[in-house]
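Student: The structure follows.
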Amino acid sequence: MINQFYKVLKAILVIAVFISCDRQDDEFAINNSNGFLPESIIHFKKIDLANVEADGVSYSTVSIQINPEANIANEKVGLSTTTGKFVNGRKTDTITVNAYGVGYFTITNEKPERARITATVKSFSIDTIVNFQPALPHDILISADHFVIEPAQTITISASLIRDSFKGKVSDPIKVFYDVTPLTSQPNILIYPNFVMSSQGVSNAIISNPFNLTGDFKVNIKTLSPAKDTLRKSMTFRIQ
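full-length UniProt numbering applies: residue 1 is where the sequence shown begins, and numbers increase by one.
Right, here's the structure in full:
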């Protein structure tokens, strides 16, 4: 009788252990109806700037939170991005979370693109997006290869697109518009482009004079500023 009792008790214990193990497997199965999502282990806590100027200097700071109950505090988190770079100057990096399970990183970009950032700890990965917008100029500096030319010559106008101090550089290509008008009563038949895209922060427009006009002319240059208003600059030159 006693032996029979112990046999039944042993069978009950085996079944209980089996159910417990099976339940534990369910709990740690990703996306299982009885399990958990990766976000319960790791998630993006805060993104201070979701939209950043792509000037190579401006940056977004992102914080990551690892669940303290996951028993992986002080764990290393792998980072990767589709565009831009982390503080190490690369598209991949590794950070270590603190005792509270929080880690931080920054990302910059010189291209106006959308960066998809992936953070991985153990076998769990999560994604987020940081948008890098065109870095537009705060000012225009105008120069020319000549200010007085002969009718048969051409003149090259250069518009250097400048950003404020500590604001990096413009994100080429930026569209710069040109308009040339005579300052005397004569036809406006000089040949020049309506706009030229910038390269390395400079837009160059060549003005030619196929009809051998003479006189004074004004070059008007404009482009868009970060405030989304119009930057305007002008200069004059003479054909004689």
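For glycine and all other residues, C-beta sits at the position ideal for the given N, C-alpha and C.
Here the structure is a predicted model, which means the values were calculated and not measured.
Am I right that GLU75 and VAL102 are in contact with their C-beta atoms under 8 Å? What's the rounded C-beta distance?
Tutor: Incorrect: roughly 11 Å between the Cβ atoms, too far for contact.
Student: Could you compute how far the alpha carbon of ASN131 sits from the alpha carbon of THR108?
Tutor: Rounded to the nearest angstrom, the two C-alpha atoms are 10 Å apart.
Student: So what's ARG238 in DSSP terms, helix, strand or just coil?
Tutor: The answer is strand: DSSP assigns ARG238 an E or B state.
Student: Which stretch, first to last residue, makes up the beta strand (DSSP E) that contains residue 259?
Tutor: This structure cannot settle anything about residue 259, because the visible part of the chain is limited to 1 through 240.
Student: How is SER199 classed by DSSP in three states: helix, strand or coil?
Tutor: In this structure, SER199 counts as strand in the three-state DSSP scheme.
Student: What are the boundary residues of the beta strand (DSSP E) that includes GLY215?
Tutor: Counting along the chain, the beta strand (DSSP E) containing GLY215 begins and ends at 215-224.
Student: Counting along the chain, where does the beta strand (DSSP E) carrying GLY101 start and finish?
Tutor: It is not in any beta strand (DSSP E) - GLY101 carries neither H nor E in the DSSP assignment.
Student: For LYS76, which beta-bridge partners are listed by DSSP?
Tutor: Looking at the DSSP assignment, LYS76 forms a beta bridge with THR96.
Student: Taking C-alpha atoms, which residue in MET197, TYR178 and SER198 lies nearest to ILE191?
Tutor: Minimum Cα distance to ILE191 is reached at TYR178.
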